[in-house]
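Numbering (the working numbering), first residue to last: 1263 to 1337. Quick notes on the structure that follows.
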């Protein structure tokens, strides 16, 4: 049985932020996260008991981008 890390898990949040930064720095469309090639990335912990649950394009566009922008703006 596949067990996914919760969205608020430290590793999950780190992966989300890394993906968001990748999109921003490379000026990529949010939709890339839903492409077949991108989904082939396997974000797994070392013991392979938990796995990162890939977020949708909508999550990055509506949730994480505004949070990232606001954090950058305040800095």
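Glycine included, each C-beta is placed from N, C-alpha and C at the ideal position. This one's a predicted model, so the numbers in the text were calculated from it and none came from an experiment.
If we cut at 8 Å on Cβ distances, does residue i have a partner in chain C?
i: residue 1289; result: Although the question refers to chain C, the structure presented lacks it and comprises just one protein chain.
With a Cβ-Cβ cutoff of 8 Å, do residue i and residue j count as a contact?
i: residue 1281; j: residue 1295; result: yes
i: residue 1266; j: residue 1312; result: yes
Check each candidate in the options and name the one with the smallest Cα separation from residue i.
i: residue 1322; options: 1279, 1271 and 1270; result: 1279
i: residue 1304; options: 1314, 1298 and 1297; result: 1314
i: residue 1264; options: 1310, 1284 and 1297; result: 1310
i: residue 1334; options: 1324, 1283 and 1298; result: 1283
For the alpha helix (DSSP H) containing residue i, name the first residue and the last one.
i: residue 1287; result: 1272–1287
i: residue 1334; result: 1327–1336
i: residue 1301; result: 1298–1301
Residue i and residue j look like a contact to me (Cβ under 8 Å); what is the Cβ gap, rounded to whole Å?
i: residue 1302; j: residue 1316; result: Actually they do not touch by this definition, with Cβ atoms about 11 Å apart.
Q) Do the stretch 1290–1299 and the stretch 1328–1335 touch if we need at least three Cβ pairs shorter than 8 Å? A) No, because fewer than three Cβ pairs between the stretch 1290–1299 and the stretch 1328–1335 fall closer than 8 Å, the two stretches do not touch.
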